[in-house]
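S.K.: For reference, the structure I am asking about is given below.
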Amino acid sequence: MNAKKKRAKKAVGKRQAFPFAENGREMYGWAADLFPLPRSLTGPGVRATLEYIKRRLPALQIHSVPSGTRAFDWTVPDEWTIRDAFVADESGKRLIDFRAHNLHVVGYSEPVDRWLTLDELQPYLHSLPEQPNAIPYLTSYYKRQWGFCLSDKLRKRLKPGRYHVMIDSDLKPGVMNYGELVLPGKEDREILLSTYICHPSMANNELSGPVVVTALARELTARSDRRLGYRIIFVPETIGAIVYISRHLDRLKQSVIAGFVVTCVGDERAYSFLGSRRGNTLSDRIAHHILDRSVGSYDHYSFLDRGSDERQYGSPLVDLPVVSIMRSKYGTGNYPEYHTSLDNMSLITPRGLADSYAILSKCIRGLELNRTYRAVFPCEPQLSPRDLYPTFSTRDSGRSVRDMMNVLAYADGKNDLISIAEIIGVDVFKCSEIANKLCAAGVLTTV
Amino acid sequence: MNAKKKRAKKAVGKRQAFPFAENGREMYGWAADLFPLPRSLTGPGVRATLEYIKRRLPALQIHSVPSGTRAFDWTVPDEWTIRDAFVADESGKRLIDFRAHNLHVVGYSEPVDRWLTLDELQPYLHSLPEQPNAIPYLTSYYKRQWGFCLSDKLRKRLKPGRYHVMIDSDLKPGVMNYGELVLPGKEDREILLSTYICHPSMANNELSGPVVVTALARELTARSDRRLGYRIIFVPETIGAIVYISRHLDRLKQSVIAGFVVTCVGDERAYSFLGSRRGNTLSDRIAHHILDRSVGSYDHYSFLDRGSDERQYGSPLVDLPVVSIMRSKYGTGNYPEYHTSLDNMSLITPRGLADSYAILSKCIRGLELNRTYRAVFPCEPQLSPRDLYPTFSTRDSGRSVRDMMNVLAYADGKNDLISIAEIIGVDVFKCSEIANKLCAAGVLTTV
Amino acid sequence: MNAKKKRAKKAVGKRQAFPFAENGREMYGWAADLFPLPRSLTGPGVRATLEYIKRRLPALQIHSVPSGTRAFDWTVPDEWTIRDAFVADESGKRLIDFRAHNLHVVGYSEPVDRWLTLDELQPYLHSLPEQPNAIPYLTSYYKRQWGFCLSDKLRKRLKPGRYHVMIDSDLKPGVMNYGELVLPGKEDREILLSTYICHPSMANNELSGPVVVTALARELTARSDRRLGYRIIFVPETIGAIVYISRHLDRLKQSVIAGFVVTCVGDERAYSFLGSRRGNTLSDRIAHHILDRSVGSYDHYSFLDRGSDERQYGSPLVDLPVVSIMRSKYGTGNYPEYHTSLDNMSLITPRGLADSYAILSKCIRGLELNRTYRAVFPCEPQLSPRDLYPTFSTRDSGRSVRDMMNVLAYADGKNDLISIAEIIGVDVFKCSEIANKLCAAGVLTTV
């Protein structure tokens, strides 16, 4: 533990130490609590998950959308309740058991209770020969069928004979649930944080997303000085995002100046960035600024590599400036555990969660202070009478005066602070400190 | 022949096999028929050429413009008729004979019938010491003079003595002819194809141009579903293009969305691309898209390297989006035969003509289907109920769904299909198939 | 001398020989005359300098701005007169003597006449341990204090004992002076040349600036055909520029299309270019065009590296297109003599001054002829009847026709001549000659 801590410290030492370690342990604990719940697009598992989050975010609103509700090209599906599922041998021994791992049953399986020979059973079994120990994650939301997922190792051990297959599920009109927390700011402009809560027992994709967003939401709730509003949503992937967009499209298009889909943020591997469709929005700019300065090298993916709810947010008639900052990106060689039982609690770590949290938090803080400034006087101000010269001449005081004059030089009422930060090569937080000092001295003003 | 065919097939095998081989032989035959005609800016040779073409394109209109007609800064010159020309020795033996090669007489030579000593004759002779076997191609359209061109080898063999020089030509008011074929489309927008028919017996520059344009025009005539109109002209170079522009300037500026000067398209050497003056017009974009994907590497020339009628089309007050796709470009080291008798029927090949035809045809087809699309719904559509998922999951089905979703993602009502094709890295024909399928499924629409 | 001349000739030989060598000797002479004067922000040294310049530029206006005058955030300081200053030992021997070098006294030192021990004296002494032979240049314009500068070598030789320190100066309300020469042109648009006259005995920074500007101003005064106006100012650095801007801001913003801060232009080392804040103004464009073609490689600095009066001209509410072309840039490793007594008359040379003069003069001439042209006819003009073809076909005549046609091709009424020059790869002077010829021939016109 000591050794690991040291290594982690070293890794970010030159940039900035993140004061979020305790958060990491707490988020990891939440993920551990939520891990066993049998989440899906709908049903009791999602509700239990949202209620757990609501205990940490009392202002969270849990919405229910009836099955059959239309949203653009989509329809909210029936609600699925899964109580039990197994494949047992003739002796009644459960060989594949939902109670052992909820990935064993194909998501949205219809109920079944039959005896089948092994040959008859095979078409309903799904395994991954190339990952013989992994139970794959499969769903069939929009086509009624049933099935079981299992490790290829186990599958190979099944002997000819008769098997009792039983799925005790309901698939009938009900509701789809999602959580929403809207935190108003001093301005109407908003940041969107979106994560999903529809995957059963998998840790990085997806529990890392909801727990990091919960922690961010708690931090934002506690701040009384929010300049921007925050729209934080926990939705079933795809259909949940689509329903949410269909209910709030005008408002989203009016208010959202930046947004982040939060997923795959719990491991300690590479950082990944997935750009918006336009590629040059405020979200792209702040994400690059923070990642460039906080994590050094990271994998850059374009919108062509999208895979989660940015697909909806970035679609042409929605066109929101939404990006995704991840650790190991889903669907890449960096993340073989994706959508299998190998994506378990050992893949994510308190440190991984805390570091991702810190990066997202920095993006948010960067956006909070991203004002546009304008010099008050033509020409440079006179520094000495305004106490803007460093009192002690130190090694860094030359740099400090230069940075101050550079902020002033580019404060033309058009460049926002992130632009100035990129132009002058100084991070946006330092630029903001400088801008505040210059405003206090009466030589700079916000526009 | 077999070996050659195989090689050619291999060269394009990975990209797309061109189904135009029979066209190549036909075009080569036309060029062979037209080769001996004594073309010039004006005169019977041009008329015979246009009439030959009209037999393949019955709708071609052959226009006559009287000598002396003004066009911007230019005047249509007198008509030149050349019947015979020779330099004979005292025995009457023709040493330089127009009947042997029509390049032997300087184009637009005035009539002459004299006896000269070799020394007196020399100033009227033109040869190329660095290409001793080549008869150069020379003209003097706007200054009355006469002369003979011959190989340097032959020139060196001329012995002192008296020579009979005779040019049986007319140079007097008449007409300049050009051919025009206007094929209307469903829309008013037009593609311009321009080629020239003023060079005597040379194969690549210029007969390759007229025969490829004739074949393209025949293909376009046969199509009943033309979305765009086509303006296809066969003009004497420079003066012909200028006269044509002067008669149609407003219409050209209004309608022409893309255009191609077609010349030097008969050999099998490198492809060359010469950009428009602006460098980023629709013509440049489609040409790059097709060349990048069909021929791999090719020589790129800017408008600074122009040399044919794009000089007129791209001039600032005309400003049409015209480019030129060639094989070996005139005036470069790749094409030493240019403007000499070495540019003969062995320099061009059926394969060379067919491949160039195919590239131009693809550019045209790419432009025909280059619509601008817009998604019908906010968010992604639901693929399964619309039968947009591939029925069989194959190795390519993932790619296929991804391409489809990418077309949708960039169909914002602003990007045209060529832009989308470039953004998502899929060729415009495939993009068009996808767009058609999406339109049929009701999730995409043209704007 | 011969050897040196040859070397210099060779250095620029391939590009263009500068016919300005005699200018170099004259400018060097002026700098030598001005070198001993005790310049500062204000006082008799500045006045004597301006009067010297006025003898060469009789139209120069010398302005006086009273102490205490406000200019934006600044106040004109009291006037400083320095008559004598020394540190003497008990025997009365002057160890540090203003009469030996006027850098020995800190600029703007208040009067003093006291006896101090060496220990008491030390805080008032300034030297450079890393450059033991150099007397540093120090000032204290806005905080009343006094001090002496000396070489570290001399400082180390001072023995314990009592020292007589005497500074015979006045620091009291008076005036700040600056020189201004406004040369009207046919148009209202103006070029700004700004240099400073507030540094005591240093040669490259700053006397090279005023002498080169004086020579340029003389050249410009003599020209009767100025298209542009010239605003040429000799100001105390910073406060002088700020006062000048405060008096003329609207006019400057309206008229100045390009400007140059002229400093550090006397040595023969590398050329340096410091860009405007926007980085793409007319000043940046002409400077790059001339430097690229006249000096080959040079050091490029962005506005982030600014250090002289471009700080004021480029400040966001002033926002003038001002750049700086220098030889060795202040504050870089190329110029260790900067702000010390090592920046003496041996650092600058007639050749260095003449070459810098030539570059700036070329920038100015380039701007003078930087018109915007437009073709008169659609299509190319007919060259022969307009005598635009070279009479003799030489090796260069092909190039010459091509350049002419290229100027025409890009003369679309939008590109200015510098843009055309950059597009077609021909220098702006040659382009101007071509444009003039084309205008005379009636095929091109200015817009």
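Residue numbers (this note's numbering), protein chains in the order written: chain A, 6 to 452; chain B, 6 to 452; chain C, 6 to 452.
Glycine included, each C-beta is placed from N, C-alpha and C at the ideal position.
1) Answer with buried or exposed for His454 of chain C, where buried requires no fewer than 16 other C-beta atoms within 10 angstroms of its C-beta.
2) State the beta-bridge partners of Pro144 of chain C as determined by DSSP.
3) From the DSSP output, in three-state form, read off His106 of chain C for me.
4) Contact criterion: CB-CB distance below 8 Å. Does Gln136 of chain C meet it with respect to chain A?
5) Note down, in chain order, every chain A residue with its Cβ under 9 Å from the Cβ of Val448 of chain B.
6) Compare the C-beta of Asn411 of chain A with all C-beta atoms of chain C and state if any pair is closer than 8 Å.
7) Grouping DSSP H, G and I as helix and E and B as strand, with all else coil, what is Glu342 of chain C?
8) How far does the beta strand (DSSP E) with Thr377 of chain C in it extend, from its first residue to its last?
9) Mapping DSSP to helix, strand and coil, what is Val51 of chain A?
10) Name the one or two DSSP bridge partners that Tyr183 of chain C has.
11) Below 8 Å, can you find three or more Cβ-Cβ pairs linking the region 49-65 of chain C to the region 206-220 of chain C?
12) Cβ of Met296 of chain A within 8 Å of Cβ of Val328 of chain A?
13) For the candidate residues B:Ser389, B:Ala414, B:Trp151, whose alpha-carbon lies nearest to that of Leu322 of chain A?
14) Beta-carbon within less than 6 Å of Thr47 of chain A's beta-carbon, same chain only, minus the 5 sequence neighbours each way: which residues are those?
15) My understanding is that Ile353 of chain A touches Ala222 of chain A, with C-beta atoms under 8 Å, so please give their C-beta distance in whole angstroms.
16) In its own chain, which residues sit with a C-beta less than 6 Å from the C-beta of Lys15 of chain C, not counting the 5 before and 5 after it?
17) Note down, in chain order, all residues in the region 252-285 of chain C with a beta-carbon under 7 Å from any beta-carbon belonging to chain A.
18) Strictly under 8 Å for the Cβ-Cβ distance: is Leu325 of chain C near chain A by that measure?
19) Using a Cβ-Cβ distance under 8 Å, would Ile425 of chain A count as near chain C?
20) Within the 8 Å Cβ cut-off, does Leu309 of chain A reach chain B?
21) Please return the same chain residues whose Cβ sits closer than 7 Å to the Cβ of Ile250 of chain C, not counting the five positions on each side in sequence.
22) Please list, in chain order, the chain C residues whose beta carbon lies closer than 8 Å to that of Ser389 of chain A.
23) With a threshold of 6 Å on Cβ separation, who are the neighbours of Ala22 of chain C within its own chain once the five nearest residues in sequence on each side are excluded?
24) So for Val240 of chain C, helix, strand or coil by DSSP?
25) Show which residues of chain C have a CB atom less than 9 Å away from the CB atom of Leu176 of chain B.
26) Closest Cβ-Cβ distance between Cys384 of chain A and chain D: below 8 Å?
27) Is Tyr335 of chain A helix, strand or coil by DSSP?
28) Buried or exposed: which applies to Val448 of chain B, given that a residue is buried once 16 or more other Cβ atoms fall within 10 Å of its Cβ?
29) For Trp79 of chain C, name the three-state secondary structure that DSSP assigns.
30) Using the beta-carbon count (16 or more within 10 Å), is Asn138 of chain B buried or exposed?
31) Does Ala139 of chain C come out as helix, strand or coil in the three-state DSSP assignment?
32) Out of curiosity, what's the CA-to-CA distance linking Ile202 of chain B and Gln127 of chain B?
33) Quick one, which of B:Cys436, B:Gly418, B:Asp421, B:Ser424 has its alpha-carbon nearest Met410 of chain B's?
34) What do you reckon, are the CB atoms on Ala90 of chain C and Phe103 of chain C nearer than 8 Å?
35) Are there 16 or more other CB atoms within 10 angstroms of the CB of Gln387 of chain B, so buried, or fewer, so exposed?
36) Kindly give me the distance between the Cβ atoms of Ile291 of chain C and Gly234 of chain C, rounded to whole angstroms, as I take these residues to be in contact under 8 Å.
M.R.: Working from what's here:
1) Limits of chain C in this structure are 6 at one end and 452 at the other, which puts residue 454 of chain C out of reach.
2) Stepping through the third sequence from its first residue, residue 144 of chain C is reached at position 139. The residue asked about is misnamed: residue 144 of chain C is Thr in this sequence, not Pro. Beta-bridge pairing links Thr144 of chain C to C:Gly112.
3) Taking the first residue of the third sequence as position 1, residue 106 of chain C is located at position 101. Looking at His106 of chain C - three-state DSSP - the assignment turns out to be coil, as it is neither helix nor strand.
4) The residue you call residue 136 of chain C lines up with position 131 of the third sequence. No, Gln136 of chain C lies away from the interface with chain A (no Cβ there is under 8 Å from its Cβ).
5) Numbered from its first residue, the second sequence carries residue 448 of chain B at position 443. Asp78, listed in chain order.
6) As a first step, residue 411 of chain A must be located in the first sequence, where it is residue number 406. Yes, its Cβ sits closer than 8 Å to a Cβ of chain C.
7) The residue given as residue 342 of chain C occupies position 337 in the third sequence. Correct three-state label for Glu342 of chain C: coil.
8) Residue mapping note: residue 377 of chain C aligns to position 372 of the third sequence, counting from 1. Thr377 of chain C -> beta strand (DSSP E) spans 377-380.
9) As a first step, residue 51 of chain A must be located in the first sequence, where it is residue number 46. Residue state, collapsed to three classes: helix.
10) The residue given as residue 183 of chain C occupies position 178 in the third sequence. In the DSSP output, where bridge partners are listed per residue, Tyr183 of chain C has C:His68.
11) yes
12) Taking the first residue of the first sequence as 1, we reach residue 296 of chain A at position 291. Taking the first residue of the first sequence as 1, we reach residue 328 of chain A at position 323. The question names Met, but residue 296 of chain A in the sequence shown is Leu. Cβ distance not < 8 Å, so Leu296 of chain A and Val328 of chain A don't count as in contact.
13) Along the first sequence, one-based indexing puts residue 322 of chain A at 317. Looking at the Cα atoms, B:Ala414 is the closest of the given residues.
14) Here residue 47 of chain A corresponds to residue number 42 of the first sequence, with the count starting at 1. Take Thr47 of chain A, set aside five residues on each side of it, and the residues of its chain with a beta-carbon closer than 6 Å to its own are Glu84, Trp85, Met181, in chain order.
15) By one-based count along the first sequence, residue 353 of chain A stands at place 348. By one-based count along the first sequence, residue 222 of chain A stands at place 217. Rounded, the Cβ-Cβ distance is 19 Å, inconsistent with contact.
16) Along the third sequence, read from residue 1 onward, the residue named residue 15 of chain C stands at position 10. Only weak support exists for where Lys15 of chain C lies, its pLDDT of 36 falling under 50; the value from the coordinates is given anyway. Around Lys15 of chain C: no qualifying Cβ.
17) Within the region 252-285 of chain C, the qualifying residues are Leu254, Arg282.
18) As a first step, residue 325 of chain C must be located in the third sequence, where it is residue number 320. Chain A, which has no Cβ nearer than 8 Å to the Cβ of Leu325 of chain C, makes this no.
19) To locate residue 425 of chain A, count along the first sequence from 1; it is residue 420. Interface flag for Ile425 of chain A against chain C is unset, since no Cβ pair is found closer than 8 Å.
20) Your numbering for residue 309 of chain A matches position 304 in the first sequence. Yes, Leu309 of chain A counts as interfacial toward chain B.
21) As a first step, residue 250 of chain C must be located in the third sequence, where it is residue number 245. Closer than 7 Å at the Cβ level, and outside the excluded window around Ile250 of chain C, lie Leu257, Gln317, Val323.
22) Your numbering for residue 389 of chain A matches position 384 in the first sequence. Simply Tyr147, Lys148.
23) Counting from 1 along the third sequence, the entry for residue 22 of chain C is found at position 17. The pLDDT assigned to Ala22 of chain C is 44, lower than 50, so where the model puts this residue is not dependable; a value taken from the coordinates is nonetheless given after this. For Ala22 of chain C, where only same-chain residues beyond five positions count, there are no Cβ hits under 6 Å.
24) Numbered from 1 along the third sequence, position 235 holds the residue referred to as residue 240 of chain C. It is a strand residue.
25) The residue given as residue 176 of chain B occupies position 171 in the second sequence. Correct list: empty, because the minimum Cβ distance to chain C is about 17 Å.
26) Of the protein chains in the structure, A, B and C, none is chain D.
27) Along the first sequence, read from residue 1 onward, the residue named residue 335 of chain A stands at position 330. Here Tyr335 of chain A sits in coil by DSSP.
28) Taking the second sequence and counting its residues from 1, one reaches residue 448 of chain B at position 443. By the neighbour-count definition (other C-beta atoms within 10 Å, threshold 16), Val448 of chain B is a buried residue.
29) For the purposes of this step, residue 79 of chain C is identified with residue 74 of the third sequence, where counting begins at 1. Residue state, collapsed to three classes: strand.
30) Reading the second sequence from its first residue, position 133 is the one you call residue 138 of chain B. By the neighbour-count rule (16 or more Cβ atoms within 10 Å), Asn138 of chain B is not buried but exposed.
31) Taking the third sequence and counting its residues from 1, the one referred to as residue 139 of chain C is at position 134. Of the three classes helix, strand and coil, the one that applies to Ala139 of chain C here is coil, per DSSP.
32) Counting from 1 along the second sequence, the entry for residue 202 of chain B is found at position 197. Counting from 1 along the second sequence, the entry for residue 127 of chain B is found at position 122. Each residue's alpha carbon lies about 31 Å from the other.
33) To locate residue 410 of chain B, count along the second sequence from 1; it is residue 405. Comparing Cα-Cα distances from Met410 of chain B to each of B:Cys436, B:Gly418, B:Asp421, B:Ser424, the minimum goes to B:Cys436.
34) Taking the third sequence and counting its residues from 1, the one referred to as residue 90 of chain C is at position 85. Taking the third sequence and counting its residues from 1, the one referred to as residue 103 of chain C is at position 98. Cβ distance < 8 Å, so Ala90 of chain C and Phe103 of chain C count as in contact.
35) Within the second sequence, numbered from 1, the residue matching residue 387 of chain B stands at position 382. Gln387 of chain B should be labelled buried.
36) Against the third sequence, residue 291 of chain C aligns to sequence position 286. Against the third sequence, residue 234 of chain C aligns to sequence position 229. Rounded, the Cβ-Cβ distance is 16 Å, inconsistent with contact.
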